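**Student:**
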Amino acid sequence: MAALSILDLVRVTQDTDARGALYNARDVAVHAEAWGYRRIWVAEHHNMAGIASAATSVVIGHIAAGTKTIRVGAGGIMLPNHAPYVIAEQFGTLARLFPDRIDLGLGRAPGTDQLTLRALRRTPEAAENFPQDVLEVQAFLAEAGPNQRIQAVPAAGTDVPLWILGSSNFGAMLAGELGLPYAFASHFAPELLIQALQIYRARFKPSEQLDRPYTMVGVNIIAAETDDEARRLATTQQMSFTNIFRGARGLSQPPIDDIETYWSPSEKAQAMRMLARSIIGSPETVRAGIDALVAETGADELMIVSDVYDHQKRLRSFELIAQAGGIMP
2 MAALSILDLV RVTQDTDARG ALYNARDVAV HAEAWGYRRI WVAEHHNMAG
52 IASAATSVVI GHIAAGTKTI RVGAGGIMLP NHAPYVIAEQ FGTLARLFPD
102 RIDLGLGRAP GTDQLTLRAL RRTPEAAENF PQDVLEVQAF LAEAGPNQRI
152 QAVPAAGTDV PLWILGSSNF GAMLAGELGL PYAFASHFAP ELLIQALQIY
202 RARFKPSEQL DRPYTMVGVN IIAAETDDEA RRLATTQQMS FTNIFRGARG
252 LSQPPIDDIE TYWSPSEKAQ AMRMLARSII GSPETVRAGI DALVAETGAD
302 ELMIVSDVYD HQKRLRSFEL IAQAGGIMP
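Residue numbers for the sequence shown follow the working numbering, so the first one is 2 and each next one is one higher.
1) What does residue 400 pair with, by DSSP beta-bridge criteria?
2) By how many angstroms is the C-alpha of residue 196 removed from the C-alpha of residue 218?
3) With the cut-off set at 9 Å, would you say residue 283 and residue 227 are in Cβ contact?
4) Have a look at the DSSP bridge pairing and note the partners of residue 108.
5) Quick one: Cα of residue 241 to Cα of residue 7, how far?
6) Do you know offhand how far residue 206's Cα is from residue 159's?
7) Quick check: the Cα distance between residue 47 and residue 110, rounded to an integer number of angstroms?
8) If residue 220 sits next to residue 280, beta carbons under 8 Å apart, how far is it from one beta carbon to the other, in whole angstroms?
9) For the region 142-195, which segments carrying the beta strand (DSSP E) assignment without a break, of at least 3 residues, lie completely within its bounds, in sequence order?
10) Please name the residue in 255, 251, 247 whose C-alpha comes closest to that of residue 268.
11) Is it right to say residue 327 is buried, meaning 16 or more other beta carbons lie within 10 angstroms of its own, or is it exposed?
12) Alpha carbon to alpha carbon, how far is residue 131 from residue 303?
13) Tell me, to the nearest whole angstrom, how far the beta carbon of residue 223 is from that of residue 318; I am working on the premise that it is less than 8 Å.
14) According to DSSP, simplified to helix, strand and coil, what is residue 71?
15) Measure the beta-carbon distance from residue 74 to residue 40 and round it to whole angstroms, keeping in mind my assumption that it falls under 8 Å.
16) Considering residue 291, what are the terminal residues of the alpha helix (DSSP H) in which it resides?
17) Residue 4 lies in the beta strand (DSSP E); which residues open and close that run?
18) Roughly how many angstroms separate the alpha carbons of residue 2 and residue 71, rounded to a whole number?
19) Are the Cβ atoms of residue 4 and residue 330 separated by less than 9 Å?
20) In angstroms with no decimal places, state the Cα-to-Cα distance between residue 127 and residue 64.
21) For residue 155, which residues of its own chain have a beta-carbon under 7 Å away from its beta-carbon, when the five flanking residues on both sides are left out?
22) Under 8 Å Cβ to Cβ from residue 1, same chain only, skipping five residues before and after it: list those, please.
23) Restricting to Cα atoms, I'd like to know which of 42, 289, 235, 294 is closest to residue 76.
24) Under 6 Å Cβ to Cβ from residue 38, same chain only, skipping five residues before and after it: list those, please.
25) Residue 243 to residue 272, Cα distance in whole Å?
26) Out of curiosity, what's the CA-to-CA distance linking residue 249 and residue 145?
27) The alpha helix (DSSP H) that contains residue 232, what's its start and end?
28) On a Cα-Cα basis, can you pick out the residue from 164, 30, 50 that is closest to residue 13?
29) Can the beta-carbon of residue 185 be found less than 9 Å from the beta-carbon of residue 193?
30) Which residues share a DSSP beta bridge with residue 253?
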């Protein structure tokens, strides 16, 4: 049985401001902890009015402070946007505050647009240094050597677990070569999922952190009491993807009765290609979908996005998923 975890998008909705989104994320974590989820992650996105997790390490601290046992982490930090030294300081500090509970997932994409990239004082070429930057973060989180003149204080010696995130074969190859766990973003880029997992497992070399391959698969799952209700709740995410294609990234919108009135045939084709791995339905439908995905991928863990507009219905979705996935205590 695969472990289940949560990727919280910290959505700002038409009814909830950024403060409300941040406290809703913490509330999800509190419930997820009780329902048996292994970890909850948040991701670095910039210049998006509908996502409140740009200051990712701060949000992680907020969520970890409201919980006791669930692992909390980044899914991920977009490392080309930052000096590795600063990320080591931030996550080492989190590890001191919340021992054995912090994860650091690292991605190569900018997590934003080109204009915002300039505002971050980074260049697109920074992504070319990603493998070296990962090793640098890892070194700063390790125990400092006797003659090491530059230390990440208080991070040195925390050995925060690193993950490589990806939606292509590059991340799979890197994670395998470095002997790190690998998380594939099939919740928005499903096409290379199977190929990337095969490459990762074939390339894997044991490391101090990990002695065998460990895979996490990102997946959109929306659960409700009936298939029809779940499909209606899923229109919120479908509209969000449609708005991305339109260049109109706004606040999360409430579900609608007929998604066909919202998107054009070409927008539908684009969205459904990106959402092809989604599992939407009643607990029975979700259980069958989880079982099939794990059987096909051999995933050790699923990282679940349940992009439901109403907070109480989103909590109910995660509860039903936990029941369907067999993780509830």
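Positions of the beta carbon are idealized from the N, C-alpha and C atoms, including for glycine.
None of these values were measured; they are calculated from a predicted model.
**Tutor:** Well, looking at it:
1) For residue 400 there is no data in the structure shown, the boundaries of the chain being 2 and 330.
2) Here residue 218 refers to the residue found at position 217 of the sequence shown. Here residue 196 refers to the residue found at position 195 of the sequence shown. Linking residue 218 to residue 196 through their CA atoms gives a straight-line distance of about 13 Å.
3) Along the sequence shown, one-based indexing puts residue 283 at 282. Along the sequence shown, one-based indexing puts residue 227 at 226. Going by beta carbons, residue 283 and residue 227 fall inside the 9 Å limit.
4) Taking the sequence shown and counting its residues from 1, the one referred to as residue 108 is at position 107. According to DSSP, residue 108 bridges with 79.
5) Here residue 241 refers to the residue found at position 240 of the sequence shown. Here residue 7 refers to the residue found at position 6 of the sequence shown. Near 19 Å, if we compare the C-alpha coordinates of residue 7 and residue 241.
6) Numbered from 1 along the sequence shown, position 205 holds the residue referred to as residue 206. Numbered from 1 along the sequence shown, position 158 holds the residue referred to as residue 159. Using only the alpha carbons, I get a separation of about 23 Å.
7) As a first step, residue 47 must be located in the sequence shown, where it is residue number 46. As a first step, residue 110 must be located in the sequence shown, where it is residue number 109. Cα to Cα, the separation comes out at about 12 Å.
8) Stepping through the sequence shown from its first residue, residue 220 is reached at position 219. Stepping through the sequence shown from its first residue, residue 280 is reached at position 279. Rounded, the Cβ-Cβ distance is 6 Å, consistent with contact.
9) Scanning the region 142-195 for uninterrupted beta strand (DSSP E) segments of 3 residues or longer gives 163-167, 183-185, listed from N- to C-terminal end.
10) Start at 1 with the first residue of the sequence shown, and residue 268 comes out as number 267. Nearest of 255, 251, 247 to residue 268, Cα basis: 247.
11) In the sequence shown, the residue the question calls residue 327 occupies position 326. That one is exposed.
12) By one-based count along the sequence shown, residue 131 stands at place 130. By one-based count along the sequence shown, residue 303 stands at place 302. Going from the Cα of residue 131 to the Cα of residue 303 covers about 25 Å.
13) Stepping through the sequence shown from its first residue, residue 223 is reached at position 222. Stepping through the sequence shown from its first residue, residue 318 is reached at position 317. The C-beta distance from residue 223 to residue 318 rounds to 6 Å, short enough to meet the 8 Å contact threshold.
14) The residue labelled residue 71 in the question sits at position 70 within the sequence shown. Of the three classes helix, strand and coil, the one that applies to residue 71 here is coil, per DSSP.
15) Taking the first residue of the sequence shown as position 1, residue 74 is located at position 73. Taking the first residue of the sequence shown as position 1, residue 40 is located at position 39. With 8 Å as the limit, residue 74 and residue 40 qualify as a contact, their Cβ atoms being about 6 Å apart.
16) Taking the first residue of the sequence shown as position 1, residue 291 is located at position 290. DSSP places residue 291 in the uninterrupted alpha helix (DSSP H) bounded by 284-298.
17) By one-based count along the sequence shown, residue 4 stands at place 3. Its beta strand (DSSP E) spans residues 4-8.
18) Working through the sequence shown from its first residue, we reach residue 2 at position 1. Working through the sequence shown from its first residue, we reach residue 71 at position 70. Approximately 19 Å, taken between the alpha carbons.
19) Sequence index remark: in the sequence shown, residue 4 carries index 3 (1-based). Sequence index remark: in the sequence shown, residue 330 carries index 329 (1-based). Going by C-beta atoms, residue 4 is not nearer than 9 Å to residue 330.
20) Position 126 of the sequence shown holds residue 127. Position 63 of the sequence shown holds residue 64. Distance between the alpha carbons of residue 127 and residue 64: 30 Å.
21) Numbered from its first residue, the sequence shown carries residue 155 at position 154. Excluding residues up to 5 positions away in sequence, 93, 94, 97 lie with their Cβ nearer than 7 Å to the Cβ of residue 155 in the same chain.
22) Given a span of 2 to 330 for the chain in the structure shown, any question on residue 1 remains unanswerable.
23) As a first step, residue 76 must be located in the sequence shown, where it is residue number 75. Residue 42 is the option with its Cα nearest to residue 76.
24) Here residue 38 refers to the residue found at position 37 when the sequence shown is read from its first residue. Taken in chain order, the residues that qualify are 5, 6, 7.
25) On the sequence shown, position 242 is the one that residue 243 refers to. On the sequence shown, position 271 is the one that residue 272 refers to. Spanning the two alpha carbons is a distance of roughly 6 Å.
26) One-based indexing of the sequence shown puts residue 249 at position 248. One-based indexing of the sequence shown puts residue 145 at position 144. Rounded to the nearest angstrom, the two C-alpha atoms are 47 Å apart.
27) As a working note, residue 232 is residue 231 in the sequence shown. Its alpha helix (DSSP H) spans residues 228-234.
28) Sequence index remark: in the sequence shown, residue 13 carries index 12 (1-based). Among 164, 30, 50, the Cα nearest to that of residue 13 is on 50.
29) If you number the sequence shown from 1, residue 185 lands on position 184. If you number the sequence shown from 1, residue 193 lands on position 192. Against a cut-off of 9 Å, the Cβ pair of residue 193 and residue 185 comes out as a contact.
30) Within the sequence shown, the letter at position 252 stands for residue 253. Its beta-bridge partners are 14.
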